[in-house]
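Heads up: the sequence shown at position 305 corresponds to 287 in our numbering, and the numbers run straight through without jumps. Cβ atoms here follow ideal geometry from the backbone N, Cα and C, with glycine treated the same way. The structure appears right after this line, and notes come after that.
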Amino acid sequence: MFPAIAIANALKAQQPDIELLFVGAEDRMEMEKVPAAGYEIIGLWISGFQRSLSVRNLSFPFKLIHSMIKARNIVASFKPDVVVGVGGYASGPMLKAAVGKGVPTLIQEQNSFAGVTNRLLARQVDKVCVAYEGMDRFFPADKIMLTGNPVRKDILDLEGKREFGRSHFGLNEQLKTVLAVGGSLGARSINEGMKANLDLLSDNGLQVIWQTGAGYYQEAKEKAADARYQDNIKVFDFIGQMDYAYAVADVIISRAGAIAVSELCTVGKPVILVPSPYVAEDHQTKNAMALLDKHAALMVSDSDTAADLGEMAVDLLKDAERSAQLSEQILKLARVDAADVIAGEILKMTQ
């Protein structure tokens, strides 16, 4: 969703009179966030296919047929010059409908391990914009363009925001800061790892910004209220000003979703990744390994956070040389102009 909005914004900037229509999955976050960003969206009755045995799979064929019919109607009525798929559930029906009507198509693949739908459609679409090298193992090499993932503009420039961040979060400027985030909904393993290691972090003179997600917030808030932490553990269910959080962080603990990784590359701070094992194709581990292979991040497995997360963060903050090396290597992977490059490629396809 966020890359799609970033691409739309870049398209508007490059061609102000462009007409844009989003198509998403009904009952998903995009149906709320896209209109909030100022764009029209139409919903399809579509969801993912469960890889394990599930009663929900019984409705999948009906949803797919319904969505394909609606997708064809959208293409026929909106008459797009280009259809862009960014990997959501609605991308498959829309790209298939566009290919069937001879409309130029582009896929924006965000992960280092391509999703099933994008792999199936790759030979039919015209262009594939990717965020990682080596994606020719999934897509035809002559269709690939290495662009990176679009990231939010407020994160592209953190210059001068460190002081604002300290004030915003009520931080002690004398202490190093650990930022722990698990995505907008939170991550149980990161939360459990932080809970188990608060004493270790506090005893080593560190302060923490801990984003828990709504479900874990109350328990974390009660844990952090212990007087021994001297108000140095800041707990939030959600962080709206992520640019401030990134700016003040000295070490970042994060999941390894594609967009999170792209943001972290842009931020250029030492990172400890905790890939979620509960995602399709285990793609978060593959995203993390793409950074580890270039010595650009550290990784803790989802099951080892309680045992290893705190010690790894403490050791990293004590090792200035290693922290600097990780920052240098991850910055090399940043692509700050991804949205503009992808938008430019889309506009070329309209000519």
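Asked, Found
"Selection from Val253, Gly239, Gly250 and Lys276 that minimises the alpha carbon distance to Gln266", "Gly239"
"Extent of the continuous alpha helix (DSSP H) to which Met76 belongs", "Ser73 to Gly82"
"Stretch pair the region 130 to 141 + the region 182 to 196: three plus CB contacts closer than 8 Å", "no"
"Between the CA atoms of Ala306 and Gly97 - distance to the nearest angstrom", "34 Å"
"Coarse secondary structure for Tyr59, derived from DSSP in three states", "It is Ser, not Tyr, that sits at residue 59 in the sequence shown. In this structure, Ser59 counts as helix in the three-state DSSP scheme."
"Simplified DSSP state of Leu280, which is helix, strand or coil", "strand"
"Minimum C-alpha distance to Leu246 - residue among Gln(-4), Thr287 and Ile312", "Ile312"
"Close Cβ partners of Phe151 (< 8 Å) along its chain, the five nearest in sequence each way excluded", "Ile191, Lys216, Tyr226, Ala227 and Val230"
"C-beta contact flag for Gln193 and Ala242 at 8 Å", "no"
"Proximal residues to Lys205 (C-beta, below 7 Å), its chain only, five neighbours per side dropped", "Lys177 and Leu180"
"Rounded C-alpha distance that separates Glu155 from Arg148", "7 Å"
"Backbone CA spacing between Gln333 and Ala288 [nearest angstrom]", "55 Å"
"Unbroken stretches of the alpha helix (DSSP H), 4 residues or longer, contained in the region 172 to 229", "199 to 206"
"Range of the contiguous beta strand (DSSP E) that encloses Gln90", "Thr87 to Glu91"
"Distance CB(Thr159)-CB(Gln200) smaller than 8 Å", "no"
"Residue burial classification, Phe44 (beta-carbon count within 10 angstroms, cutoff 16)", "exposed"
"Check whether Ala278 and Leu308 have beta carbons under 8 Å apart", "yes"
"Residue environment, Gly222, which counts as buried when at least 16 other CB atoms sit within 10 Å", "exposed"
"Assigned exposure category for Pro(-2) - 16 Cβ within 10 Å defines buried", "exposed"
"Inter-residue Cα distance where the pair is Ala7 and Arg317", "29 Å"
"Inter-residue spacing [alpha-carbon to alpha-carbon] between Pro122 and Ile328", "18 Å"
"Under 8 Å between C-beta atoms of Ile28 and Leu3", "no"
"Where Gly292 falls: helix, strand or coil (DSSP)", "helix"
"Cβ separation of Pro259 and Arg237, assumed to be a contact under 8 Å, to the nearest whole Å", "With 8 Å as the limit, Pro259 and Arg237 do not qualify as a contact, their Cβ atoms being about 11 Å apart."
"Residues bridged to Val112 (per DSSP)", "Glu91 and Leu128"
"Any 3 or more C-beta pairs closer than 8 Å across the region 79 to 94 and the region 109 to 125", "yes"
"CA-to-CA distance, Ala321 to Val261, given in whole angstroms", "25 Å"
"Enclosing alpha helix (DSSP H) for Lys268 [first to last residue]", "His265 to Leu274"
"Distance, Ile324 Cα to Pro75 Cα", "21 Å"
"Neighbour-count burial assignment, Ala207, 16 or more Cβ in a 10 Å radius", "exposed"
"Val249 (DSSP reduced to helix, strand or coil)", "helix"
"Status (buried if at least 16 other CB within 10 Å, exposed otherwise) for Gln94", "First, the amino acid is wrong: residue 94 is Ser here, not Gln. Looking at its Cβ environment, which holds 16 or more other Cβ atoms inside 10 Å, Ser94 is buried."
"Inter-residue Cα distance where the pair is Ser166 and Asp124", "36 Å"
"Buried or exposed (CB count within 10 angstroms, at least 16 for buried), Leu102", "exposed"
"CB-CB length for Gly197 against Gly164, believed under 8 Å", "Contact flag wrong, Cβ pair sits at about 11 Å."
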